[in-house]
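Peer 1: Those protein sequence lines, which keep their order, are chains A and B. The first sequence: position 47 = 47 (the working numbering), numbered continuously. The second sequence: position 141 = 1141 (the working numbering), numbered continuously. For glycine and all other residues, C-beta sits at the position ideal for the given N, C-alpha and C. This structure is a prediction, so every number in the text was calculated from the model and none was measured.
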Amino acid sequence: MPSLRDDEFMERIADAVELSESAFAPADLKARVYSALAKQQSRTGQLMSLTETHAHGHQLCVFEQLVRIAPVGETVKSLNICRVCHARVLAEHLENAPIYWGGCPYVEFKKS
Amino acid sequence: MRRLEQQASDQPQTISLRADEDLALVQAVLRKDRKATAEFVNRYSGHIYSYVRSRLAPQYQQAEDLVQEIFLSAWESLSRYRGTGSLHAWVMGIARHKVEDYYRERLRTPESIKDAELDPDTSTSVATIHQVLEQEQVRRNTQRILSALPEPYRLALIWRYWEKASAREMALKTGKTEKAIERLLARARAEFRERWNHAQSS
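1) Report yes if the C-beta distance between B/S1050 and A/L19 is below 8 Å; otherwise report no.
2) Decide if B/K1098 is buried, meaning its Cβ has at least 16 other Cβ atoms within 10 Å, or exposed.
3) Identify which residue in A/T51, A/L47, A/T44 and A/K30 has its Cα closest to the Cα of B/I1048.
4) Once the 5 residues before and after A/M1 are set aside, which same chain residues still bring their CB inside 7 Å of it?
5) Less than 8 Å between the C-beta atoms of A/E125 and A/D28, yes or no?
6) Which of the three DSSP states is assigned to B/R1187 in this structure?
7) Only counting the same chain, and skipping five residues up and downstream in sequence, which positions put a Cβ closer than 8 Å to that of B/L1149?
8) Closer than 9 Å, Cβ to Cβ, to anything on chain A: give me those residues from the region 1176–1201 of chain B, in chain order.
9) What residue range does the alpha helix (DSSP H) around A/F24 cover?
10) Using 10 angstroms around the beta-carbon of A/L37, count the other beta-carbons present and answer buried if the total reaches 16, otherwise exposed.
11) In chain B, what lies closer than 7 Å to A/Q40 by C-beta?
12) Applying the criterion that 16 or more other CB atoms from any shown protein chain within 10 Å of the CB defines a buried residue, is A/F9 buried or exposed?
13) Ignore the nearest five residues each way along the sequence and tell me which others in A/S78's own chain have a CB closer than 8 Å to its CB.
14) Throw me the rounded Cβ distance for the B/L1107 and B/P1058 pair, which I believe falls under 8 Å.
15) Using the Cα positions of B/Q1062 and B/E1069, report the straight-line distance between them to the nearest angstrom.
16) Does the separation of the CB atoms of A/T53 and B/R1034 fall below 8 Å?
17) For A/I81, which of helix, strand or coil comes out of DSSP?
18) Taking a Cβ distance cut-off of 7 Å, strictly less, list which residues of the region 50–74 of chain A are near chain B, in chain order.
19) If we cut at 8 Å on Cβ distances, does B/Y1081 have a partner in chain A?
20) What residue range does the alpha helix (DSSP H) around B/E1151 cover?
21) Leaving out the 5 sequence neighbours to the left and right, which residues in its chain are closer than 7 Å to A/Q41 when beta-carbon positions are compared?
22) With DSSP collapsed to three states, give me the class of B/E1163.
23) For A/G103, which residues from the same chain have a beta carbon less than 6 Å from its beta carbon, with the 5 sequence-adjacent residues on both sides left out?
24) For the alpha helix (DSSP H) holding B/E1039, just list the boundary residues, first then last.
25) Which residues in the same chain have their Cβ closer than 7 Å to the Cβ of B/W1075, if we skip the five residues on either side of it in sequence?
26) Check the Cβ-Cβ distances between A/E95 and every residue of chain B, and say whether any is below 8 Å.
27) If you measure between the beta carbons of B/T1037 and A/Y34, is that distance less than 8 Å?
28) On the three-state DSSP scale, how would you describe B/R1082?
29) Within the same chain, show all residues whose beta-carbon is closer than 8 Å to that of A/K110, passing over the 5 residues directly before and after it, in chain order.
30) Short of 8 Å Cβ to Cβ, which residues in the region 72–92 of chain A face chain B?
31) How about B/E1163 and B/E1105: do their beta carbons lie closer than 8 Å?
32) Assuming A/A16 contacts B/V1138 under a Cβ cut-off of 8 Å, what Cβ separation, rounded to an integer in Å, is found between them?
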């Protein structure tokens, strides 16, 4: 019987087997990734202000909405307020965090 | 026929629509639109996570760290995305580079595996392979054996045979000699095959 060299054998195995896993990213991982990205973005200047974000048609969460309508300057409205939100903390540590309100990215990560 | 013509005429439009969507998302993320950034994470984290997990299994904790690194790296170079290819392919390209960096780092460290004897008799015939090529069983065996291999062996095999890197490329990237990489691959292949043959016989 013809035998295969180890190299040829591995090539055949690799051709026959796709190593992909059908894994959904866990919600807490998405939350950590998003927080890290937002933090990185704020390091190099302000985020898009909540006024502008709203004007682009995005839904804001209840806390963002409060900041958006508050009589404060655009600089404050450009802060990454998720940094001080309990929803972020819960979402980064719990796969099924008890957060439910609309417009919050951390809530959206749980749904997808 | 009419439907085919319709499909043919629809296709470029769909592609250009997708390209427009990708560019719009990138521009919004670059403007630091927080909702677009969340959408970016939501859209690609599944694909990236799945890919990284398959390449690092069973080091799942490290897979999560690497996914975060990939996104941060994508953000750093996002301004260079021109929209010539799909954003998905672009992001996956970054993921591949990061996985390669991971392999490089791990294989650079001195090996702590005792040399496995290469047994010329542990050969598997073409006929046997064809018989065993019951896709699902082969896949399960491969994943199980890869997961159980010492890390340097596992990474070297995946890098060489699934990522299609040449021994020369691997040597250049790890700072080892090509001969050292060939030796590592030979030991890894022998170990894989021995376990494979053992799985077949038991």
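Peer 2: This is what the structure gives:
1) no
2) buried
3) A/K30
4) Legend: pLDDT at A/M1 = 29, less than 50; position of this residue unreliable, no value from coordinates given.
5) An answer regarding residue 125 of chain A cannot be provided, because it is not within the stretch 1 to 112 covered by chain A.
6) Residue state, collapsed to three classes: helix.
7) L1157, A1188, E1191, F1192 and R1195
8) L1185, A1186, A1188, R1189, A1190, F1192, R1193 and W1196
9) Neither: A/F24 is in no alpha helix (DSSP H) and is coded neither H nor E.
10) By the 16-neighbour rule on beta-carbons within 10 angstroms, A/L37 is buried.
11) Simply L1072 and W1075.
12) buried
13) Q46, L47, M48, S49 and L50
14) 18 Å between Cβ atoms; not a contact.
15) 11 Å
16) yes
17) helix
18) Residues of the region 50–74 of chain A with a C-beta atom less than 7 Å from some C-beta of chain B are T53, H56 and H58, listed in chain order.
19) no
20) E1151 to L1157
21) L47
22) In the structure shown, B/E1163 sits in coil (DSSP, three-state: anything other than H, G, I, E or B).
23) Q59, L60 and C61
24) Looking at the DSSP string, the run of the alpha helix (DSSP H) that includes B/E1039 is R1034 to L1056.
25) Setting aside the 5 residues that flank it on each side, B/W1075 has no residue in the same chain whose C-beta is closer than 7 Å to its C-beta.
26) no
27) Taking 8 Å as the Cβ cut-off, B/T1037 and A/Y34 qualify as a contacting pair.
28) coil
29) A27, A91, N96, A97 and I99
30) N80 and C82
31) no
32) With 8 Å as the limit, A/A16 and B/V1138 qualify as a contact, their Cβ atoms being about 6 Å apart.
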